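Chemist: Handing you a structure now.
Residue numbers (the numbering used here): -2 to 192.
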């Protein structure tokens, strides 16, 4: 998943906190935050399942790709693009579409629509503005929090690159260092993912 579950939970809490009580009122902050986080997580899981499906498809053609010298990455990209078009999935990754953040602008807009639809159906929420005003605030809040997350991620990556020796991305050591530096940067900004 592009965003860690802990960060998605933080994102849910932050959305409800910033919008309550002027735009989106909730009678149960914890349940409201969990609901928003679940909408985001469920939506991001769609692309994860799609990636897994592409891997399964490609596993059936490993011998053919090896024999024909076809790049796994290129085939993965082609099959995924076809499935995305066929199923009308909005890509989550912003970096794939040229956006700087982990989530694309299109995905943020899509999430805002899904959150508005969801909160209008839940009894512990009360929308105090027009649905589109709520949606625009959601886009703004999502963008602000994701820009902050991107800043934290870049700082953590920079700390890893500044090590005396080269640590390859994706290695166990890189993952451990990234988690540690990421947590340090969040703490420095006063963000507690476990709150």
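Glycine is no exception: its CB is placed at the ideal position from the N, C-alpha and C atoms. The structure presented is a predicted model; accordingly, all values stated were derived computationally and were not measured.
Where DSSP assigns a beta bridge to residue 123, which residues make up the other side?
Modeler: Note: residue 123 sits in a beta bridge opposite 22.
Chemist: So for residue 101, helix, strand or coil by DSSP?
Modeler: Three-state DSSP puts residue 101 in coil, outside helix and strand.
Chemist: At the 8 Å Cβ level, is residue 87 part of the contact set with chain C, yes or no?
Modeler: Given the protein chain composition of this structure (a single chain), no chain C is represented.
Chemist: Taking the straight line between their C-alpha atoms, what separation do you get for residue 127 and residue 169?
Modeler: Taking the straight line from one Cα to the other gives about 48 Å.
Chemist: Name the DSSP beta bridge partners of residue 90, please?
Modeler: BP columns for residue 90 point to 100.
Chemist: Measure the C-alpha to C-alpha separation of residue 64 and residue 58 and round it to an integer number of angstroms.
Modeler: Going by the C-alpha atoms only, they are around 10 Å apart.
Chemist: Are residue 15 and residue 138 closer than 8 Å when you measure CB to CB?
Modeler: Yes; because the gap between Cβ atoms is below 8 Å, this pair is in contact.
Chemist: Where does residue 144 sit, in a helix, a strand or coil, going by DSSP?
Modeler: Residue state, collapsed to three classes: helix.
Chemist: Whose CA, out of 158, 31, 70 and 147, lies closest to the CA of residue -1?
Modeler: Here the closest residue by C-alpha is 147.
Chemist: Less than 8 Å between the C-beta atoms of residue 51 and residue 85, yes or no?
Modeler: Going by C-beta atoms, residue 51 is not nearer than 8 Å to residue 85.
Chemist: Excluding five sequence neighbours on each side, which residues of the same chain lie with their C-beta closer than 7 Å to the C-beta of residue 157?
Modeler: Taken in chain order, the residues that qualify are 164, 171, 174, 175 and 178.
Chemist: Contact between the region 17 to 32 and the region 95 to 111: three or more CB pairs below 8 Å?
Modeler: No: the two stretches stay apart, fewer than three of their Cβ pairs being nearer than 8 Å.
Chemist: As a quick exercise: from 161, 89 and 152, pick the residue whose alpha carbon is nearest that of residue 37.
Modeler: The residue with the shortest Cα to Cα distance from residue 37 is 89.
Chemist: Taking only the alpha-carbon atoms, compute the straight-line gap between residue 154 and residue 189 and give it to the nearest angstrom.
Modeler: When rounded, the distance between both Cα atoms is 19 Å.
Chemist: For residue 157, does the three-state DSSP call read helix, strand or coil?
Modeler: The answer is helix: DSSP assigns residue 157 an H, G or I state.
Chemist: Which residues in the same chain as residue 20 place their Cβ atom closer than 8 Å to its Cβ, once the five residues preceding and following it in sequence are excluded?
Modeler: The answer, listed in chain order, is 124, 125, 126, 130, 131 and 134.
Chemist: If you count every other CB in all the chains shown that lies within 10 Å of the CB of residue 108, and 16 or more means buried, which is it?
Modeler: Its Cβ being crowded by 16 or more others within 10 Å, residue 108 is buried.
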